[in-house]
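Enquirer: The structure under discussion is supplied below as structure tokens; questions concerning it will follow.
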Amino acid sequence: MEQQDVRGAGKSTEGIVLAVLLLGVVVLGLWTFLQRDYWFPPLASQHGADLDRLFMITLSITGSAFIILLLVLGYILVRFRERTGERAETRVNYVIANLANL
7 MEQQDVRGAG KSTEGIVLAV LLLGVVVLGL WTFLQRDYWF PPLASQHGAD
57 LDRLFMITLS ITGSAFIILL LVLGYILVRF RERTGERAET RVNYVIANLA
107 NL
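Take 7 as the starting number for the sequence shown in my numbering and just add one per residue.
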């Protein structure tokens, strides 16, 4: 009776599921940001508008970086997932080694 290798069973779909969940986080974050229903209290000083604008600039920069990083992570999860007869670590280690040489 021939034994089958079940170690990699389901691993190819795990990366795709995680990538879809990350995409869901990105979409939910964008939707929340675009609603513009923020928690700013009424302005209490003449500098309040400047502080609110600074907060929005900071939120936009960090939010954009977060979304870009999540999309890159999702791409890497799908691109370098384990496939039949091939280990995922081999390709990822090769890419990391090449990035270190740049």
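Built from N, CA and C at the ideal position, the CB exists for glycine as well.
Considering only their Cβ atoms, is the gap separating residue 61 from residue 72 smaller than 9 Å?
Expert: As a first step, residue 72 must be located in the sequence shown, where it is residue number 66. As a first step, residue 61 must be located in the sequence shown, where it is residue number 55. Annotated as distal: residue 72 and residue 61, with beta-carbon spacing of 9 Å or more.
Enquirer: So is residue 105 buried or exposed if we call it buried at 16+ other beta carbons inside 10 Å?
Expert: On the sequence shown, position 99 is the one that residue 105 refers to. Classification for residue 105: exposed.
Enquirer: Hey, residue 84 and residue 22 are a contact pair by Cβ (cut 8 Å); roughly how many whole angstroms apart?
Expert: As a working mapping, residue 84 is identified with position 78 in the sequence shown. As a working mapping, residue 22 is identified with position 16 in the sequence shown. Between residue 22 and residue 84 the Cβ distance is about 6 Å, and since that is below 8 Å, they are a contact.
Enquirer: Can you tell me which of 68, 52 and 82 puts its alpha carbon nearest to the alpha carbon of residue 20?
Expert: As a first step, residue 20 must be located in the sequence shown, where it is residue number 14. Measuring from the Cα of residue 20, the nearest candidate turns out to be 82.
Enquirer: Alpha carbon to alpha carbon, how far is residue 102 from residue 87?
Expert: Here residue 102 refers to the residue found at position 96 of the sequence shown. Here residue 87 refers to the residue found at position 81 of the sequence shown. Rounded to the nearest angstrom, the two C-alpha atoms are 15 Å apart.
Enquirer: Where does the unbroken alpha helix (DSSP H) through residue 85 begin, and where does it stop?
Expert: Numbered from 1 along the sequence shown, position 79 holds the residue referred to as residue 85. Where residue 85 is concerned, the enclosing alpha helix (DSSP H) stretches over 54 to 85.
Enquirer: Going by DSSP in three states, residue 49 sits in which element: helix, strand or coil?
Expert: Taking the first residue of the sequence shown as 1, we reach residue 49 at position 43. Correct three-state label for residue 49: coil.
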